[in-house]
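Colleague: Let me begin by handing over the structure; questions about it come next.
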Amino acid sequence: MLNYSEYVTVAEKMTDEKGEAVLTTGLGSIHIFAVLEKDGLLKAEALMDTRSEASCEIVLKPFKSESTWKAVDMIAPLDAPVNTNMPTPEQKAIGDKRVAKANAMREEKTRNWVNPECDAFLHKTITDMEDSLGFPFREEMLNVLSEKDRTDCLSEVLEEHLDYSMPYWDSVSEEIFVSYIMNPRVDDEILRPYRKAILAQFSPEQQEAMRKNPVEIWNAVDQMIVSRPERERASVITTPAACLKTGIG
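Counting in the numbering used here, the sequence shown runs from 3 upward without gaps.
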């Protein structure tokens, strides 16, 4: 049959001693290709419309490969129901009731569930710096995360992002600090600790040069990391620290 602009095999049949084979299909166009199994030198093909034809005769001939174009009309068979045994109204009502009960149990189980890692992070004894600044850093970090991130995150990951973002509290506005500096998410990667690993790659002098001229950050990325899209899967996002460590991302 024709699928994605090419012929795709949907069935294979061996003829009997008379050279006949029987196949049951829907009503539409099929492309038939026959070959002599003994040596494969005799071949033939034909296009058949089962809406108007019940049989097709093919004469095998020496096969000659030719690169030619031929316009044909391919008619797909009409859709037919796969499952004709439908449930009765009574059976459908029982099934709907069972599904509703299962959904209610699932929703009740998850409605008030809170990731214990978030609780551990939120209720950990705050540092002296947090206490002196008087800002709800932990609450704000959890608030800036999506519901999915709050479900999956680990306390130790959040702790690193908090510790390494605190020194920049007074350098920018509260909105920028919470949303872009303290926020552990970069893009669509798995949330992992990366700040310590990245800082370890650069000397204090390099870090200071990057603060004064952010273009140096891109220059470092351009020198240290290569991209090979032809050998990578776009759906797999490398974590920041791993990207810098391997030099590929």
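By construction, the Cβ of each residue, glycine as well, lies at the ideal position given by its N, Cα and C atoms.
Can you name the residues that DSSP bridges to residue 44?
Modeller: Indexing the sequence shown from 1 puts residue 44 at position 42. According to DSSP, residue 44 bridges with 64.
Colleague: Curious, which full-length alpha helix (DSSP H) runs of at least 4 residues does the segment 161–214 contain?
Modeller: Within the segment 161–214, the complete alpha helix (DSSP H) runs of at least 4 residues are 197–201 and 206–214.
Colleague: Just checking, does the segment 69–81 make contact with the segment 29–36 on the three C-beta pairs under 8 Å criterion?
Modeller: With a cut-off of 8 Å, the segment 29–36 and the segment 69–81 count as touching, because enough Cβ pairs lie within range.
Colleague: Would residue 16 be called buried (16 or more neighbouring beta carbons within 10 Å of its own) or exposed?
Modeller: The residue labelled residue 16 in the question sits at position 14 within the sequence shown. By the neighbour-count rule (16 or more Cβ atoms within 10 Å), residue 16 is not buried but exposed.
Colleague: State yes or no: is the C-beta of residue 123 within less than 8 Å of the C-beta of residue 147?
Modeller: Numbered from 1 along the sequence shown, position 121 holds the residue referred to as residue 123. Numbered from 1 along the sequence shown, position 145 holds the residue referred to as residue 147. Not a contact, by the Cβ cut-off of 8 Å.
Colleague: Identify which residue in 189, 192, 227 and 42 has its Cα closest to the Cα of residue 203.
Modeller: Numbered from 1 along the sequence shown, position 201 holds the residue referred to as residue 203. Minimum Cα distance to residue 203 is reached at 227.
Colleague: Quick one: Cα of residue 250 to Cα of residue 13, how far?
Modeller: Taking the first residue of the sequence shown as position 1, residue 250 is located at position 248. Taking the first residue of the sequence shown as position 1, residue 13 is located at position 11. Going from the Cα of residue 250 to the Cα of residue 13 covers about 46 Å.
Colleague: Tell me, please, which residues DSSP counts as bridged to residue 49.
Modeller: In the sequence shown, the residue the question calls residue 49 occupies position 47. Residue 49 is bridged to 33.
Colleague: Just to confirm before moving on: does the CB-CB distance between residue 183 and residue 242 stay below 8 Å?
Modeller: The residue given as residue 183 occupies position 181 in the sequence shown. The residue given as residue 242 occupies position 240 in the sequence shown. Against a cut-off of 8 Å, the Cβ pair of residue 242 and residue 183 comes out as no contact.
Colleague: Report the CB separation of residue 179 from residue 170 in whole angstroms; it is logged as a contact under 8 Å.
Modeller: Stepping through the sequence shown from its first residue, residue 179 is reached at position 177. Stepping through the sequence shown from its first residue, residue 170 is reached at position 168. About 7 Å separates the two Cβ atoms, so the contact holds.
Colleague: Which same chain residues, not among the five before or five after residue 157, have their C-beta less than 8 Å away from its C-beta?
Modeller: The residue you call residue 157 lines up with position 155 of the sequence shown. Excluding sequence neighbours, residue 157 sits near 119, 120, 122, 123 and 126.
Colleague: Looking at C-alpha atoms only, which residue of 246, 149 and 211 is the closest neighbour of residue 224?
Modeller: The residue given as residue 224 occupies position 222 in the sequence shown. Among 246, 149 and 211, the Cα nearest to that of residue 224 belongs to 246.
Colleague: Determine whether the beta carbon atoms of residue 172 and residue 239 lie at a separation below 8 Å.
Modeller: Along the sequence shown, one-based indexing puts residue 172 at 170. Along the sequence shown, one-based indexing puts residue 239 at 237. In this structure, residue 239 does not lie closer than 8 Å to residue 172 by Cβ.
Colleague: What three-state label does DSSP hand residue 4 in the structure shown?
Modeller: Here the question's residue 4 lines up with position 2 in the sequence shown. If DSSP states are grouped into helix, strand and coil, residue 4 belongs with the strands.
Colleague: Which residues bound the alpha helix (DSSP H) around residue 145?
Modeller: Sequence index remark: in the sequence shown, residue 145 carries index 143 (1-based). Run containing residue 145: 139–146, per the alpha helix (DSSP H) assignment.
Colleague: Can you tell me whether residue 91 is buried or exposed, with buried defined as 16 or more other CB within 10 angstroms of its CB?
Modeller: For this step, residue 91 is matched to residue 89 along the sequence shown. Residue 91 comes out exposed.
Colleague: Compare the C-alpha of residue 62 against each of 56, 68 and 48 and name the closest.
Modeller: Residue mapping note: residue 62 aligns to position 60 of the sequence shown, counting from 1. Of the candidates 56, 68 and 48, the one whose C-alpha sits nearest the C-alpha of residue 62 is 48.
Colleague: Quick one: give me the first and last residue of the alpha helix (DSSP H) that residue 153 is part of.
Modeller: Counting from one through the sequence shown, the residue named residue 153 turns up at place 151. Element bounds for residue 153: 149–154.
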